[in-house]
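Okay, structure first, notes after.
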Amino acid sequence: MTSHDIPQTMGQQAGRRSWAEPWKIKMVEPIRLMPPEARQKALEEAGYNTFLLRSEDVYIDLLTDSGTNAMSDRQWAGMMLGDEAYAGSRNFYRLEETIRTYYGYRYVVPTHQGRGAEHLLSQATIKPGDVIPGNMYFTTTRIHQELAGGTFVDVIIDEAHDPADDHPFKGNVDLAKLEALIDRVGAEKIPYVSLAGTVNMAGGQPVSMANVRALRELTARHGIRIYLDATRMMENSFFIQEREEGYAGKSIAEILREFCSYTDGAWMSGKKDNLVNIGGWLAVNDEEVFERARNMVVVYEGLHTYGGMAGRDMEALAIGIEEAVQDDYVQARVGQVRYLGDLLLQWEIPIVQPVGGHAIFLDARRFYPHIPQDQFPAQMLAAQLYLDSGIRSMERGIVSAGRDPETGDHRYPALELTRLTIPRRVYTQAHMDVIAEAVKAVYDAREETRGLEMVYEPAYLRFFQARFKPLGR
Ligand code: F0G
Numbered sequence: 093m094t095s096h097d098i099p100q101t102m103g104q105q106a107g108r109r110s111w112a113e114p115w116k117i118k119m120v121e122p123i124r125l126m127p128p129e130a131r132q133k134a135l136e137e138a139g140y141n142t143f144l145l146r147s148e149d150v151y152i153d154l155l156t157d158s159g160t161n162a163m164s165d166r167q168w169a170g171m172m173l174g175d176e177a178y179a180g181s182r183n184f185y186r187l188e189e190t191i192r193t194y195y196g197y198r199y200v201v202p203t204h205q206g207r208g209a210e211h212l213l214s215q216a217t218i219k220p221g222d223v224i225p226g227n228m229y230f231t232t233t234r235i236h237q238e239l240a241g242g243t244f245v246d247v248i249i250d251e252a253h254d255p256a257d258d259h260p261f262k263g264n265v266d267l268a269k270l271e272a273l274i275d276r277v278g279a280e281k282i283p284y285v286s287l288a289g290t291v292n293m294a295g296g297q298p299v300s301m302a303n304v305r306a307l308r309e310l311t312a313r314h315g316i317r318i319y320l321d322a323t324r325m326m327e328n329s330f331f332i333q334e335r336e337e338g339y340a341g342k343s344i345a346e347i348l349r350e351f352c353s354y355t356d357g358a359w360m361s362g363k364k365d366n367l368v369n370i371g372g373w374l375a376v377n378d379e380e381v382f383e384r385a386r387n388m389v390v391v392y393e394g395l396h397t398y399g400g401m402a403g404r405d406m407e408a409l410a411i412g413i414e415e416a417v418q419d420d421y422v423q424a425r426v427g428q429v430r431y432l433g434d435l436l437l438q439w440e441i442p443i444v445q446p447v448g449g450h451a452i453f454l455d456a457r458r459f460y461p462h463i464p465q466d467q468f469p470a471q472m473l474a475a476q477l478y479l480d481s482g483i484r485s486m487e488r489g490i491v492s493a494g495r496d497p498e499t500g501d502h503r504y505p506a507l508e509l510t511r512l513t514i515p516r517r518v519y520t521q522a523h524m525d526v527i528a529e530a531v532k533a534v535y536d537a538r539e540e541t542r543g544l545e546m547v548y549e550p551a552y553l554r555f556f557q558a559r560f561k562p563l564g565r
């Protein structure tokens with residue numbers, strides 16, 4: 093077995109050799125499981141929306157892997173080196189240099205988090221009437237593209253929409269779909285291809301190096317740029333190392349750098365695989381796009397040498413980038429997610445396969461075939477998990493998909509999922525066991541579970557604030 097291999101059935105083989113986290117725990121934060129009646133009350137007060145629960149009322153928090161990572165002692169030490177100057181902070185230059193080194197782009201604009209960068213990039217590149225193809229939408233990405241006057245068009249391969257299909261690179265762009273779109277609307281209407289690593293809404297599914305290389309060739313022929321959502325690119329790089337021919341001997345850092353070299357720039361939510369609690373950035377090679385974004389950042393985020401972050405945040409972010417490209421770290425990160433997935437698969441619980449980089453996605457359609465999609469099965473599944481065990485997860489289905497701006501109807505996505513997102517360096521293998529057993533209990537009670545009705549719906553990104561009530565039997 094080579095160092096990058098993770099056995100598919102960890103813990104099952106005789107004579108096995110396990111991986112373990114390349115860190116030990118120095119500080120702990122107590123958590124508690126509230127009694128069932130208190131959980132019922134908290135859920136009702138939250139309108140059956142896990143986003144509206146108080147964190148204190150949660151036992152194991154799998155709402156997101158965003159900003160919920162544990163920082164290292166070196167990152168905390170770096171926080172003390174914050175140069176809190178309004179302009180020209182030393183920490184900014186270190187961050188800029190680190191991004192150039194590991195991602196390879198020329199120009200860097202710091203932002204408070206990923207959507208700040210999405211806003212700048214969208215405003216700097218999209219004109220009203222433009223079309224932005226991408227490998228499946230992400231909520232905040234698409235809304236910024238729409239607010240800039242663009243229309244997002246999904247060009248991911250069909251396999252991505254089938255939770256049971258075991259294609260190794262379900263995040264790939266379907267080049268034929270993209271080419272047909274270019275023929276239909278014209279290249280001048282397409283400011284860029286919006287490419288995401290480990291596609292979040294598809295279940296954390298990677299893009300292969302061969303795909304991004306071919307995408308580069310196709311877009312170059314038409315003069316179209318590629319901007320990368322690099323939010324979880326370390327995890328994407330791991331899957332390339334593990335699954336793609338020719339990459340087993342390359343490091344995560346080398347793979348990341350090569351992947352980025354086929355794109356024109358990237359935006360980043362540092363709160364994910366840059367291992368911090370807050371921060372983000374936009375990095376591009378095009379000077380004109382950079383100048384526009386750098387000018388806008390002072391209007392929306394802060395001066396172009398801090399963009400909404402404190403000096404100490406930028407220091408922690410720079411150190412986080414270096415820690416996150418270490419092969420043993422990424423192996424343990426993805427390995428922990430896979431450990432949980434393997435347990436669920438052994439019990440024949442329906443999840444998206446292959447298991448992705450940051451989360452397990454429960455397939456709510458197969459959990460609750462008797463609940464129609466407009467009665468929010470994935471939302472109800474998240475509620476049931478909280479009721480059973482105080483575990484907080486997130487809906488990624490019809491509620492997240494929102495309404496079609498033209499018709500006002502719900503969008504009905506093929507994937508109706510509940511996401512168990514694993515924060516980085518936070519929970520132990522014992523937590524994974526507890527989570528798996530909770531999912532099993534909810535699955536065993538599936539036939540008695542009914543759907544929900546939505547009783548309050550906000551105008552934008554409704555999944556964050558919508559409220560629900562259970563339907564009667
Ligand atoms: N792109 C992707 C793929 C994301 O997953 C997120 C955030 C963003 C962009 C926006 O970044 O939150 O820093 O503004 N995803 C979080 C999640 C919220 O839970 O998946 P942000």
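Numbering-wise, the sequence shown is residues 93 to 565 according to the working numbering. We put the CB at the ideal spot given by N, CA and C, even for glycine. Values in this document were obtained by computation on a predicted structure and should not be read as measured data.
Residue i: CB within 8 Å of a non-hydrogen atom of the ligand F0G
i, result
"glutamine 205", "yes"
"alanine 358", "no"
"lysine 262", "no"
"asparagine 141", "no"
"aspartate 321", "yes"
"aspartate 246", "no"
"glycine 372", "yes"
"asparagine 292", "yes"
"methionine 486", "yes"
"glutamate 238", "no"
"glycine 196", "no"
"phenylalanine 382", "no"
"alanine 252", "no"
"threonine 510", "no"
"leucine 67", "No answer is possible for residue 67: the residues shown for the chain start at 93 and end at 565."
"alanine 288", "yes"
"arginine 425", "no"
"arginine 516", "no"
"glycine 412", "no"
"arginine 324", "yes"
"glycine 494", "no"
For residue i: DSSP bridge partner residues
i, result
"tryptophan 439", "In DSSP, tryptophan 439 forms no bridge with anything."
"serine 286", "Gly226 and Tyr319"
"phenylalanine 453", "Arg511"
"tryptophan 168", "For tryptophan 168, which the question treats as bridged, DSSP gives no partner whatsoever."
"tryptophan 359", "Asp321 and Leu374"
"glutamine 297", "Val291"
"proline 202", "Trp373"
"tyrosine 548", "Arg559"
"aspartate 246", "Gly226"
"arginine 488", "Leu509"
"isoleucine 483", "Ile152"
"valine 265", "Ile248"
Spatial distance of residue i from residue j (CA atoms)
i, j, result
"arginine 458", "alanine 537", "13 Å"
"isoleucine 441", "proline 260", "20 Å"
"glycine 338", "cysteine 352", "17 Å"
"proline 562", "alanine 130", "17 Å"
"glycine 433", "isoleucine 443", "8 Å"
"aspartate 420", "glycine 278", "45 Å"
"arginine 182", "methionine 401", "13 Å"
"glutamate 113", "proline 497", "45 Å"
"isoleucine 282", "arginine 559", "37 Å"
"alanine 533", "glycine 315", "53 Å"
"valine 223", "tyrosine 178", "38 Å"
"arginine 365", "glutamate 327", "The question names arginine, but residue 365 is aspartate in the sequence shown. So the two alpha carbons sit approximately 8 Å from each other."
"glutamate 540", "alanine 256", "25 Å"
"glutamate 148", "lysine 342", "43 Å"
"leucine 367", "tryptophan 439", "32 Å"
"arginine 517", "alanine 385", "33 Å"
"arginine 430", "glycine 448", "8 Å"
Cβ of residue i within 9 Å of any chain D Cβ
i, result
"methionine 119", "Absent here is chain D; the protein component of the structure consists of one chain."
Q: Answer yes if the stretch 197 to 205 comes into contact with the stretch 369 to 378, meaning at least three C-beta pairs across the two stretches below 8 Å, and no otherwise.
A: yes
**Q.** Cβ contact (3+ pairs, closer than 8 Å) linking the stretch 289 to 296 and the stretch 308 to 326
**A.** yes
Q | the stretch 507 to 515 in contact with the stretch 448 to 457 per 3-pair CB rule at 8 Å | A | yes
Q: Count the C-beta pairs between the stretch 352 to 365 and the stretch 206 to 218 that are closer than 8 Å, then say yes if the count reaches three, no if not.
A: yes
Q.
Check whether the stretch 167 to 176 and the stretch 404 to 412 are in contact - that is, three or more C-beta pairs closer than 8 Å.
A. yes
**Q.** Runs of alpha helix (DSSP H) wholly within the stretch 499 to 546 (minimum 4 residues, chain order)
**A.** 521 to 536
Q. Does the stretch 138 to 158 touch the stretch 471 to 487, meaning 3 or more C-beta pairs lie closer than 8 Å?
A. yes
(Q) So, does the stretch 236 to 250 touch the stretch 264 to 278, judging by three or more C-beta pairs under 8 Å? (A) yes
Q. Would you call the stretch 541 to 558 and the stretch 120 to 128 touching, i.e. three or more CB-CB distances under 8 Å?
A. no
Q) Does the stretch 517 to 530 touch the stretch 146 to 153, meaning 3 or more C-beta pairs lie closer than 8 Å? A) yes
Q) Unbroken alpha helix (DSSP H) runs of length 4 or more, entirely within the stretch 125 to 156: which are they? A) 128 to 137
Q.
Would you call the stretch 377 to 395 in contact with the stretch 223 to 241, where contact means no fewer than 3 C-beta pairs closer than 8 Å?
A. no
Q: Specify whether the stretch 413 to 428 and the stretch 486 to 504 touch according to this definition: at least 3 beta carbon pairs, one from each stretch, less than 8 Å apart.
A: no
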